[in-house]
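> I have a structure here, written as structure tokens, and I will follow up with some questions on it.
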Amino acid sequence: MFVITGVTGHTGSVAATTLLAAGKPVRVVVRDAAKGEAWKAKGAEVAIAEIGDRAAFAKALTGATGAYILMPPFAWTATGIPAERAKLVEAIAGAVADAKPGHVVLLSSVGADQPSGTGPVAYLHALETKLATTGVPSTFLRASSFMENWGSMLKGAIDGGALYYG
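Offset between the sequence shown (1-based) and our numbering: plus 20.
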């Protein structure tokens with residue numbers, strides 16, 4: 021069983037779809053049951069859990085041979101982000117330690133190997149560090165960018181005839 025988070029976004033949906041197409045058993049983790057219905061129709065098992073809820077996320081991870089985990093984004097207008105992220109790191113790593121999936125793949129970021137000076141990437145450093153103490157084999161995908169990040173600039177580039185970056 022492969023447990024996949026982030027299935028309402030770009031990377032998690034591709035991971036789940038690819039595994040299902042290969043005939044692999046998949047459990048998707050969603051916060052809202054309605055968002056799980058389409059996945060259920062595709063043949064996935066659906067777990068309703070908030071990954072910041074250690075017990076609920078551990079239950080979703082139970083029995084997994086592999087898990088794809090990402091730290092959900094925070095609203096740029098949010099307050100109390102450091103404390104919220106610290107709790108989230110503890111909950112995710114605690115759930116992994118409790119459930120002991122066979123392997124964890126974490127979508128991380130370039131710079132997460134650095135303990136400080138990286139802005140919000142420091143939260144991924146904290147999560148990588150905590151996951152490394154769980155005894156569960158883990159792979160950290162330190163992506164530097166995604167093509168989808170350019171999507172919001174396309175209209176301006178098309179309309180203006182140039183893409184400005186930098």
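The C-beta atom is built at its ideal place from N, Cα and C for all residues, glycine as well.
Consult DSSP for Ala98 and reduce its assignment to one of helix, strand or coil.
Reduced to three states, the DSSP call for Ala98 is coil.
> Leaving aside the five residues before and after Phe77 along the sequence, list all residues of the same chain whose C-beta is less than 6 Å from its C-beta, in chain order.
For Phe77, where only same-chain residues beyond five positions count, the Cβ hits under 6 Å are Ala69, Ile71, Ala115.
> Mind checking which residues open and close the beta strand (DSSP E) that includes Ala87?
It spans 86-90 - the beta strand (DSSP E) in which Ala87 sits, taken as one unbroken run.
> Determine the direct distance from the alpha carbon of Leu147 to that of Ala54, and round the result to whole angstroms.
Taking the straight line from one Cα to the other gives about 29 Å.
> I need the DSSP call for Ser165, collapsed to helix, strand or coil.
Three-state DSSP puts Ser165 in coil, outside helix and strand.
> So, with DSSP's three-state summary, where would you put Glu57?
It is helical.
> Let me check understanding here. Comparing Cα to Cα, which of Gly131, Pro121, Leu108 lies closest to Ser164?
For the residues Gly131, Pro121, Leu108, the minimum Cα distance to Ser164 belongs to Gly131.
> With DSSP as the reference, identify every bridge partner of Val50, one or two as the case may be.
Ile68.
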